[in-house]
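2 protein chains.
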Amino acid sequence: MENLHLQAMRIATAAREAAGGIAGAGGGEKNAALAALTQALRSRRKKIIAANKKDVAAAQRAGQPDAFIDRLTVTPAGVEKMIAGVQQITALPDPVGQVLDGWTRPNGLRLERVRVPLGVLLIIFESRPNVAIDAAALAIKSGNAAILRGGKEALNTNLELGECWRDALSAAQLPPDAAQILATPDRELLNELLKLSTLIDVAIPRGGKELIRALLENSRLPMLKHLDGVCHVYVDSAADLAMAQDVVFNAKVQRPGVCNAAETLLVHQDLAAKFLPPCLAALSGAGVQFFGDHAAMKYGKNVAITHATPESWRTEYSALTLNVAVVKSLSAAIQHINNYGSHHTDAIVTRDLDAATRFQKEVDSAAVMVNCSTRFNDGFEFGLGAEIGISTDKLHARGPVGLEGLTTYKWLVHGTGQVRT
Amino acid sequence: MENLHLQAMRIATAAREAAGGIAGAGGGEKNAALAALTQALRSRRKKIIAANKKDVAAAQRAGQPDAFIDRLTVTPAGVEKMIAGVQQITALPDPVGQVLDGWTRPNGLRLERVRVPLGVLLIIFESRPNVAIDAAALAIKSGNAAILRGGKEALNTNLELGECWRDALSAAQLPPDAAQILATPDRELLNELLKLSTLIDVAIPRGGKELIRALLENSRLPMLKHLDGVCHVYVDSAADLAMAQDVVFNAKVQRPGVCNAAETLLVHQDLAAKFLPPCLAALSGAGVQFFGDHAAMKYGKNVAITHATPESWRTEYSALTLNVAVVKSLSAAIQHINNYGSHHTDAIVTRDLDAATRFQKEVDSAAVMVNCSTRFNDGFEFGLGAEIGISTDKLHARGPVGLEGLTTYKWLVHGTGQVRT
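So the sequence lines, in the order shown, correspond to chains F and Y.
Quick note on this note's numbering: the first sequence kicks off at 1 and runs consecutively.
Quick note on this note's numbering: the second sequence kicks off at 422 and runs consecutively.
1. Do F/Leu283 and F/Leu241 have their beta-carbon atoms positioned less than 8 Å apart in this structure?
2. Since F/Leu265 and F/Glu153 should fall inside the 8 Å C-beta cutoff, what is the C-beta to C-beta distance between them, to a whole number of angstroms?
3. What does the Cβ neighbour count give for F/Lys46, buried or exposed, with the cut at 16 atoms within 10 Å?
4. Name, please, each residue of chain Y whose Cβ falls closer than 7 Å to the Cβ of F/Val120.
5. With DSSP collapsed to three states, give me the class of F/Lys301.
6. In terms of residue numbering, what span does the beta strand (DSSP E) encompassing F/Ala356 cover?
7. Starting from the N-terminal side, write out each stretch of the alpha helix (DSSP H) that is 4 residues or longer and does not extend beyond the region 453 to 493 of chain Y.
8. Using a Cβ-Cβ distance cut-off of 8 Å, determine whether Y/Phe546 contacts chain F.
9. Which same chain residues end up closer than 7 Å to F/Lys252 when comparing Cβ atoms and leaving out the 5 residues on each side of it in sequence?
10. Any heavy atom of the ligand ATP inside 7 Å of the beta-carbon of F/Phe376?
11. Considering only DSSP beta bridges, list what F/Tyr409 is partnered with.
12. Let me know the alpha helix (DSSP H) ranges lying completely inside the region 297 to 346 of chain F, each 4 residues or longer, listed in chain order.
13. Would the beta-carbon of F/Pro205 fall within 8 Å of that of F/Ile212?
14. Put Y/Ile561 into one of helix, strand or coil per three-state DSSP.
15. Please state whether DSSP places Y/Cys793 in a helix, a strand or coil.
16. Would you please state the rounded distance, in angstroms, between the beta carbons of Y/Asp694 and Y/Tyr720? I believe it to be under 8 Å.
17. Considering only their Cβ atoms, is the gap separating Y/Ser464 from Y/Val827 smaller than 8 Å?
18. Note down, in chain order, all residues in the region 797 to 809 of chain Y with a beta-carbon under 8 Å from any beta-carbon belonging to chain F.
19. Is it true that the region 191 to 210 of chain F meets the region 12 to 24 of chain F, where meeting means three or more beta-carbon pairs spaced less than 8 Å apart?
20. Start and end of the alpha helix (DSSP H) containing F/Asp101?
21. Run down chain Y in chain order and give the residues with a C-beta less than 7 Å from the C-beta of F/Tyr409.
22. Are the beta-carbon atoms belonging to F/Asp352 and F/Ala238 less than 8 Å from one another?
23. Thinking just about the alpha-carbon of each residue, which of Y/Thr605, Y/Ala600, Y/Ala457, Y/Glu533 is nearest to the one in F/Gly399?
24. Counting only the same chain and skipping the five closest in sequence on each side, list residues whose C-beta sits under 8 Å from that of F/Arg255.
25. So does the region 98 to 105 of chain F actually touch the region 126 to 134 of chain F, counting three or more Cβ pairs closer than 8 Å?
26. Which residues in the same chain as Y/Asn452 place their Cβ atom closer than 6 Å to its Cβ, once the five residues preceding and following it in sequence are excluded?
27. Does any residue of chain F have a CB that is nearer than 8 Å to the CB of Y/Asn792?
28. Could you give the uninterrupted runs of the beta strand (DSSP E) lying entirely in the region 191 to 277 of chain F, keeping only those of 3 residues or more?
29. At the 8 Å Cβ level, is Y/Ser750 part of the contact set with chain F, yes or no?
30. Under 9 Å between beta-carbons, which chain Y residues line up against F/Trp313? List them in chain order, please.
31. Relative to the C-alpha of Y/Gly518, which residue among Y/Thr842, Y/Thr837, Y/Trp832 is closest?
32. Tell me whether F/Ser331 is buried or exposed, calling it buried when 16 or more other Cβ atoms sit within 10 Å of its Cβ.
33. State the Cα-Cα distance for the pair F/Gly207 and Y/Asp487, rounded to the nearest angstrom.
34. Are the region 473 to 490 of chain Y and the region 572 to 586 of chain Y touching by the rule of at least three beta carbon pairs closer than 8 Å?
35. Buried or exposed: which applies to Y/Glu392, given that a residue is buried once 16 or more other Cβ atoms fall within 10 Å of its Cβ?
36. For Y/Gly506, which residues from the same chain have a beta carbon less than 6 Å from its beta carbon, with the 5 sequence-adjacent residues on both sides left out?
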């Protein structure tokens, strides 16, 4: 059996070589590959479903929970959704080659800053096989080569999807190794790949925070990541109460399992008595359970509120659970958010312009919202057309990461013989 | 003695608290602090020089080499240079608050992407004390708090410069901890700081690659760094020979110790016989020594050329030493550069438009230049007005990093009660 280090080197070298071809491809060629991909997904649909049935059956035998089986399962409608996703990405403008800015220096040197692909992306995902299509389509559209390492439970499905990619890239006369699915999803091979910082430009984990923490321990690669989504809604003393209740309800209940759902409700003390009882009753009616501080517990007469610990305020429940705190002031709300939050998405509900402005200035988060649900922090909702993830990092990309987040730039300098004196 | 972990926590917490104050400061306040800094440098000049004499004497007793002593020494003219640097930074536009872009979504949500400071920067430098002024002035101007950890040999000087910062920030009524000089420059304290990823946003090493490699081993912080500068000049078959010789001479000889100096000359085989003998003679006259491939060695009749190994092509000499290779084609030159180079700065000399275009497209470097010296890759020469370093990373900032490189952005979302359906 091939030594793991050599295997990693072979995979990464093939990706690096393919990256040159895909970086140089025009928008038309890349779109042709994406069109061929949709055809390949259609013509291989039965094989994909059959391979997925094997994976699902094995996961069921292994006693995986229902939510896991659900993420793993690819239905015919799921294939159609992949196809629709690829078509959406195809329709986006090509980010490569965009001139970001440029100017001429007094000595006549002409400068341009031009958008170029990052190079080779290592995309690490868990049980959802659609990432092998969605994320790789974003990589190809932005001129990068992708190495895709999915969960071992989805291997049969992912390998079929990998065949679709090979067909599509070959059909468009682009290097087939521009989208490689790893046939050996062991952690050891991944750890070898995470060391190859001269061949791989960026690691992009698409999965839970346990995955990301494990990668951070082992990776020598720069990473585009998002960790926790501990998002807040603050209901200010000048809030419209009906709007506030709508926003809180939507932020918590509409899809509690995602990172831009709210985990904590902060309410100004001046309106806690009026706002909290009906708001908590409505949330409770939707199945929400509560942790709260002493002040909040006073208003939870008809709903059960467990006393919150400092750990509660830092927890991303990803479930129908909400922290509730009564705060003395806007300053206290901002301090709570910057202290316990994860710098992801935080919203204020208020009619007071000063409060809105101060909240947006002082809350140190990727997205700071006024009078709307935290659930809007999303590449599609923001109009980026696509999303590889939502970054809570400050370097490179912050918030929703679309095609531009998968590019860098180079400086082109045009001279006529200039030398430095 | 205070436990190192607690000491690191105390320093980083103070910086984090100061970061809020400096991030919220207007351009006028920050400029007032920089103006007060120039006054403090003037009024403390004698103390700075006296402290520096102690450091220099200790370094001399320790037998440090002349180049080290040279970097460590602060003369009255050196203080004037620091003052001039601060004045230059003061004159730059404030990057904070710039609206990068924005739009309105079909549901009426209004989005803005606004430039904000990164937060807390950990700036690690070696023997040059001026970094404590230059780099920190860039940090403050861009609204960040800086923790500055200089070399232990410059401690007395750096502590005096730190006093200038405290005076200046206090005079401008900004938090004095926004620019902290570490009084204990041990490696162990630094290693503790490098773990505090919830308090410190970015590590910025300003020093040699050994420093950076050591930090990479220990850091849990994102890093803005530059490693090697293995830069190339390729003389194409369609080059103007006089221009080519000027560019090569300037790129190698004008200041060989810096990262944008050339380390390797590639010459197309069609003009090697005509170009190389006079070019190598001129370089040799300036004291340059050579490594070369067999073809280059043929043309070095009157100059000594040592046979190059694969290691030679990867070496940043930072000295009057140059690799010379004869290549068969533009493709071979590009392949050599992408294979052995450090993705820093590479130049082609040519009159052929196709060759220039292809070189700029296919060379994967931060700056790719046509008909000028590699020495121009520099924040001042590019017109950025300042430079914290030259990044060879692809994420966040590539090439010269000015004030913008010390900022990130946040998404401000303005709604009227929107919720997701």
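Where is the CB? At the ideal position from N, CA and C, for every residue including glycine.
This one's a predicted model, so the numbers in the text were calculated from it and none came from an experiment.
From the atom records:
1. Working through the first sequence from its first residue, we reach residue 241 of chain F at position 241. Working through the first sequence from its first residue, we reach residue 283 of chain F at position 283. For F/Leu241 and F/Leu283, no; Cβs fall outside 8 Å.
2. Stepping through the first sequence from its first residue, residue 265 of chain F is reached at position 265. Stepping through the first sequence from its first residue, residue 153 of chain F is reached at position 153. About 36 Å separates the beta carbons of F/Leu265 and F/Glu153, which is beyond the 8 Å limit, so they are not a contact pair.
3. Taking the first sequence and counting its residues from 1, one reaches residue 46 of chain F at position 46. Flag for F/Lys46 reads exposed.
4. Counting from one through the first sequence, the residue named residue 120 of chain F turns up at place 120. Correct list: empty, because the minimum Cβ distance to chain Y is about 10 Å.
5. Mapped onto the first sequence, residue 301 of chain F falls at position 301. It is coil, neither helix nor strand.
6. Residue 356 of chain F sits at position 356 when you count from the first residue of the first sequence. Following the DSSP letters along the chain, one finds F/Ala356 in no beta strand (DSSP E) but inside the alpha helix (DSSP H) bounded by residues 353 to 362.
7. Note on the region 453 to 493 of chain Y: whole alpha helix (DSSP H) runs with a minimum of 4 residues are 466 to 482, 487 to 493, in chain order.
8. Translated into the one-based positions of the second sequence, residue 546 of chain Y becomes position 125. No, no contact with chain F.
9. The residue labelled residue 252 of chain F in the question sits at position 252 within the first sequence. Setting aside the 5 residues that flank it on each side, F/Lys252 is surrounded in the same chain by Ala261, Ala262, Leu283, Val288, Leu322, each with a C-beta closer than 7 Å to its C-beta; the list follows chain order.
10. Summarising the ligand content, the structure contains no ligands, and the ligand ATP is consequently not present.
11. By one-based count along the first sequence, residue 409 of chain F stands at place 409. F/Tyr409 is bridged by DSSP to F/Arg115.
12. As far as the region 297 to 346 of chain F is concerned, its whole alpha helix (DSSP H) runs of at least 4 residues are 310 to 313, 330 to 340.
13. Locating residue 205 of chain F in the first sequence gives position 205, where the first residue counts as 1. Locating residue 212 of chain F in the first sequence gives position 212, where the first residue counts as 1. Yes, Cβ-Cβ distance for F/Pro205 and F/Ile212 is below 8 Å.
14. The sequence position of residue 561 of chain Y within the second sequence is 140, counting from 1. Looking at Y/Ile561 - three-state DSSP - the assignment turns out to be helix.
15. By one-based count along the second sequence, residue 793 of chain Y stands at place 372. Strand, per DSSP.
16. Taking the second sequence and counting its residues from 1, the one referred to as residue 694 of chain Y is at position 273. Taking the second sequence and counting its residues from 1, the one referred to as residue 720 of chain Y is at position 299. Sequence check: residue 694 of chain Y is Ala here, not Asp. Confirmed, Cβ separation roughly 7 Å.
17. Taking the second sequence and counting its residues from 1, one reaches residue 827 of chain Y at position 406. Taking the second sequence and counting its residues from 1, one reaches residue 464 of chain Y at position 43. For the sequence presented, residue 827 of chain Y should be read as Leu rather than Val. Result no, Cβ atoms of Y/Leu827 and Y/Ser464 do not sit closer than 8 Å.
18. Answer set for the region 797 to 809 of chain Y: Phe797, Asn798, Glu802, Phe803, Gly804.
19. Contact holds: three or more Cβ-Cβ distances are below 8 Å.
20. The residue you call residue 101 of chain F lines up with position 101 of the first sequence. Per DSSP, F/Asp101 belongs to no alpha helix (DSSP H); it is in the beta strand (DSSP E), 99 to 104.
21. Looking up residue 409 of chain F in the first sequence gives position 409. Within 7 Å Cβ-Cβ: Arg819.
22. Position 352 of the first sequence holds residue 352 of chain F. Position 238 of the first sequence holds residue 238 of chain F. Yes. Within cutoff.
23. Counting from 1 along the first sequence, the entry for residue 399 of chain F is found at position 399. Nearest of Y/Thr605, Y/Ala600, Y/Ala457, Y/Glu533 to F/Gly399, Cα basis: Y/Glu533.
24. Walking along the first sequence from the start, residue 255 of chain F turns up at place 255. Closer than 8 Å at Cβ, skipping near neighbours: Ala261, Arg375.
25. Result no; under three Cβ-Cβ pairs closer than 8 Å.
26. Here residue 452 of chain Y corresponds to residue number 31 of the second sequence, with the count starting at 1. The answer, listed in chain order, is Thr511.
27. Counting from 1 along the second sequence, the entry for residue 792 of chain Y is found at position 371. At least one CB of chain F lies nearer than 8 Å to the CB of Y/Asn792.
28. Qualifying beta strand (DSSP E) stretches, in chain order: 202 to 206, 231 to 235, 262 to 268.
29. Residue numbering aside, residue 750 of chain Y sits at position 329 when the second sequence is read from its first letter. Interface annotation, Y/Ser750: not in contact with chain F, CB-CB separation never under 8 Å.
30. Your numbering for residue 313 of chain F matches position 313 in the first sequence. For the C-beta of F/Trp313, not a single chain Y residue is nearer than 9 Å; the gap to the nearest is close to 14 Å.
31. To locate residue 518 of chain Y, count along the second sequence from 1; it is residue 97. With distances taken between Cα atoms, Y/Gly518 lies closest to Y/Trp832.
32. The residue labelled residue 331 of chain F in the question sits at position 331 within the first sequence. It is exposed - the Cβ of F/Ser331 has fewer than 16 other Cβ atoms within 10 Å.
33. Here the question's residue 207 of chain F lines up with position 207 in the first sequence. Here the question's residue 487 of chain Y lines up with position 66 in the second sequence. Distance between the alpha carbons of F/Gly207 and Y/Asp487: 53 Å.
34. Yes: at least three Cβ pairs fall under 8 Å.
35. Any question about residue 392 of chain Y goes unanswered here, given that chain Y covers just 422 to 842.
36. As a first step, residue 506 of chain Y must be located in the second sequence, where it is residue number 85. Closer than 6 Å at the Cβ level, and outside the excluded window around Y/Gly506, lie Asp555.
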